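Engineer: Numbering (this note's numbering), first residue to last: 1 to 1026.
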């Protein structure tokens, strides 16, 4: 007993006051954050991933000042020292041949990254040769980027005055070349690579000269007599990028086992130098048999991912891109890693150069400056991938064994999956996002990567924008630089996501809810459609005011093409019961209709209707015309729930950059501890109060049942409803009754006789409400309404004096409703324990919805030619009982196959079954009634008869006789309270009912009187309770 009390949700309360534990265990439907929070748009995120400019490096100047065989005067080299230049030993051949071979090798190394650029070499040049080269390349490049690569290993170090060194014509003197002049010749935009000692001095001088130019231009703008005032405005040097091998006070490393141009090797041959450096570390002793000579024999090609060398290159690209994604500010990442193919490759390799050269007390410098990345945790993943690859080399080379691929990408996908499911609130964007996009290029991991990427995109528009930003989409929607889009030996490959794809464009301004929603179910259609071709092809789907959409295939568009499929989806969404979805779909349809009228239409095929004239004014709004959605809607599988009700919270800190807003938005996780689990929270206390109230209602109602049924003589409520009632529903625990007419719902407090609320259901004028159910009646109640067009709507904040009713969600519960003279409309049955909603009506199926997963789970054929008039289910036995219009009562077992699921048919009735109920007690009896022989039947003769279970007439309620009596109209619907099955009230129409003697003290201001069992709304518009 002590253990049970410790586990009780209401610890500390006595047994008499303890709430029924079953209420605590019941799941709540439509109460997640996406259902409760307000939908917010994504206007601030819409353009965050777009870039203003898309650059391309079209020309490359390779300036080598080596002076092979002669060391510069200010550099004292060790013996032995590093000699290799572009992996060529210059002392192994003649000086001139060595210089030419090194220049040719350097060009080949750059061509691996940008094969289409124009390359020009300048070997041991003079000042005039450098000037001629730079001005020529700038003239041909126009507004595109030019790269200037400078190797100064054979000349003195740069000066503090901002000068580098070249030669005179006779190679007898070193001639200084001013960086100021170099800026003038190169222009902007440009990228500079300096591979020499004290290279940081060049970067500093470059900035000083750029600032000096800006100051001169400011003076010239004020003074018309300034020499620069009459000259064309030179480009700003702010767009120039610089990469330097070391700081201003550092010398290049001279280790014999490394190349002399270590910085250039890192930038142009990263895999080769990375493997060589790895073999020189102490940790390589753990991998026996691996030597510097062995790594030269690694099989494969860099652009073949199936080979060891190609896989290492692929992993390296993913890791360096991921490091940059996680460390760099978003605008800087976009500029350096997504704007230019060659620049992105150089900066990825620059991260490797920083790691390698820092191990030799040499710090590479860049402008713009990057934060330190050499200690990032992803480098450990790179070391592991290299270790796994090198450990297989001896057996692969000597024994010819098969290469075992690295588990790197599978492990990173697992890490991304963990981020999606087990993160914490206010977390950073996923580190593995660039890797997930990389894996889309692999057939082995593509399916899993697509699934994880889809789950990430479901987090909302901020996730969509983040993916597009990571892909580097330009203003026109084309990816500029995408992870894995560079093959070292072959240039760009196909991007992971299709260019101009609509697959990453948010369909609506709502943070995304589960992918099972109606719009997202057509993602496969959107994924293969480009915005431009879609706009062009949809113009062929001509709209006319007289005939609506053409039934036949338009000219130039296949009847089953992706464009017609999208058109069907748009028509279907335009009729969605959720207003936000239908409004957005109508905007798209109206936009297309307008373009059809104002833009020239393509030539139609012979025999087709004439196209509208371009001068024809735009048509009226499709919403105003209220046209039917045409037969096309019958071919589209209806979606389920409409937009989600959640939004990723945004940071309160302001930022001038829209890209920063992307990183500051976070999604509230499902694993967050709910407030109701806090014993001291207000939400927890309110739930305890409601559950105590529920327990007392059940207990006192059971006591009254045991006393026996008495006559129903007391009329405790009579009032006029705004419309003729069609459905009435008691709230199980509060003195509230919902009365629905054709398109509105009214809430009454039957105890006080007051109208609590009245609102429109939102269904079209030609439809009517045919069913209602209370969801979460034991806790935070929601009202579900069903109409005879198959639409289901869920409302909250009803009968609330402080809040207005709000629609939580809506979806098309049934499609293809059959027109009948006497139809049941739509009937539903709700099961709180499982969250299953069973629906049927004027159809030939029974459809089951899982509200937790938000999807349709089963369609059971009724096997009858008449409509379903009543439903009742029992989840413990998986049974469904349906009463039909032909008088039959059918029992279905949803665990069985569709052809065998109808397990029993009763034909006790010959007329319309008004109600069929499956008792959930162990005996599980089925109770069915038909009009007028029912336990409580209303007659057009203006009386209500109440019978016992044995068929004995208990009472007959008639209109009041006498001068002051209230005449009862024809009965339109009846309802019993779910708990109070007999009256307990004092007689008197104008007095409220009294409670039973000896009732336990109330826990608070809960309903002080008992509900009565019966409500009989009348065709005259009055609602009468007995």
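Beta carbons: idealized from backbone N, C-alpha and C, even for Gly. This one's a predicted model, so the numbers in the text were calculated from it and none came from an experiment.
1) Rounded to a whole number of angstroms, what is the C-alpha to C-alpha distance between residue 66 and residue 72?
2) Can you tell which of 325, 327, 289, 328 has its C-alpha closest to the C-alpha of residue 390?
3) Out of 464, 762, 433, point me to the one whose CA is closest to residue 449's CA.
4) Kindly indicate which residue of 245, 466, 782, 118 has the alpha-carbon position closest to the one of residue 357.
5) What would DSSP say about residue 919, mapped onto helix, strand or coil?
6) Verify whether the separation of the beta carbon atoms of residue 777 and residue 732 is less than 7 Å.
7) Going along the chain, which unbroken runs of the alpha helix (DSSP H) with 4 or more residues stay wholly within the stretch 717–774?
8) In its own chain, which residues sit with a C-beta less than 7 Å from the C-beta of residue 237, not counting the 5 before and 5 after it?
9) According to DSSP, is residue 798 helix, strand or coil?
10) Could you tell me the boundaries of the beta strand (DSSP E) in which residue 149 lies?
11) Restricting to runs no shorter than 3 residues, where is the beta strand (DSSP E) found entirely within the stretch 824–890?
12) Taking just the CA atoms, how far does residue 114 sit from residue 306?
13) Looking at the secondary structure, which residues open and close the beta strand (DSSP E) in which residue 1047 lies?
14) Where does residue 204 fall in DSSP's three states?
15) When DSSP labels each residue in this structure, what does residue 564 get in the three-state scheme?
16) Answer with buried or exposed for residue 984, where buried requires no fewer than 16 other C-beta atoms within 10 angstroms of its C-beta.
17) Assign residue 819 to one of two classes, buried (16 or more other C-beta atoms within 10 Å of its C-beta) or exposed (fewer than that).
18) If you compare alpha carbons, which of 722, 465, 766 is closest to residue 740?
19) Rounded to a whole number of angstroms, what is the C-alpha to C-alpha distance between residue 458 and residue 417?
20) Helix or strand or just coil, what does DSSP make of residue 705?
21) Taking DSSP as the reference, what is the three-state secondary structure of residue 685?
22) With DSSP as the reference, identify every bridge partner of residue 164, one or two as the case may be.
23) Any idea if residue 445 is buried or exposed, counting beta-carbon neighbours within 10 angstroms, 16 or more meaning buried?
24) Using 8 Å for Cβ pairs, my map puts residue 57 next to residue 117. What's the rounded Cβ distance?
25) Enumerate, from N- to C-terminal direction, the unbroken beta strand (DSSP E) stretches of 3 or more residues contained entirely within the stretch 67–150.
26) Which full runs of the alpha helix (DSSP H) of 4+ residues lie inside the stretch 417–442, going along the chain?
27) Give the C-beta separation of residue 406 and residue 385 to the nearest angstrom, bearing in mind that I take them to be a contact with Cβ-Cβ under 8 Å.
28) Could you check what DSSP says for residue 378 in three-state terms: helix, strand or coil?
29) What's the gap between the Cα of residue 802 and the Cα of residue 578?
30) Relative to the alpha-carbon of residue 155, which residue among 197, 401, 396 has its alpha-carbon at the smallest distance?
31) Given 8 Å as the limit, is there contact between the stretch 256–272 and the stretch 81–100, that is, 3 or more CB pairs closer than that?
32) From this set, 857, 852, 824, 831, which residue's C-alpha is nearest residue 841's C-alpha?
33) Does the separation of the CB atoms of residue 894 and residue 878 fall below 7 Å?
34) For residue 274, which of helix, strand or coil comes out of DSSP?
35) With a Cβ-Cβ cutoff of 7 Å, do residue 317 and residue 351 count as a contact?
36) Which of the three DSSP states is assigned to residue 348 in this structure?
Structural biologist: So, from the listed chains and residues:
1) 9 Å
2) 289
3) Checking every option, the nearest Cα to that of residue 449 belongs to 433.
4) 245
5) coil
6) yes
7) Within the stretch 717–774, no complete alpha helix (DSSP H) run reaches 4 residues.
8) 183, 188, 210, 213
9) Coil, per DSSP.
10) 145–151
11) 826–831, 836–841, 845–850, 855–861, 868–874, 879–884
12) Taking C-alpha positions only, residue 306 is separated from residue 114 by approximately 23 Å.
13) In the structure as shown, the chain begins at 1 and stops at 1026. Residue 1047 is therefore absent and cannot be evaluated.
14) helix
15) helix
16) Only weak support is given to the placement of residue 984: the predicted model assigns it a pLDDT of 32, under 50, and the question is left unresolved by the model.
17) exposed
18) 722
19) 14 Å
20) When DSSP states are grouped into helix, strand and coil, residue 705 belongs to the helix group.
21) Look at residue 685 here: in three-state DSSP terms it is helix.
22) 177
23) Under this definition residue 445 is a buried residue.
24) 6 Å
25) 118–123
26) If you keep only unbroken alpha helix (DSSP H) runs of at least 4 residues inside the stretch 417–442, you get 433–439.
27) Confirmed, about 5 Å.
28) helix
29) 24 Å
30) Minimum Cα distance to residue 155 is reached at 197.
31) yes
32) 824
33) yes
34) Helix at residue 274.
35) Contact flag unset, no.
36) helix
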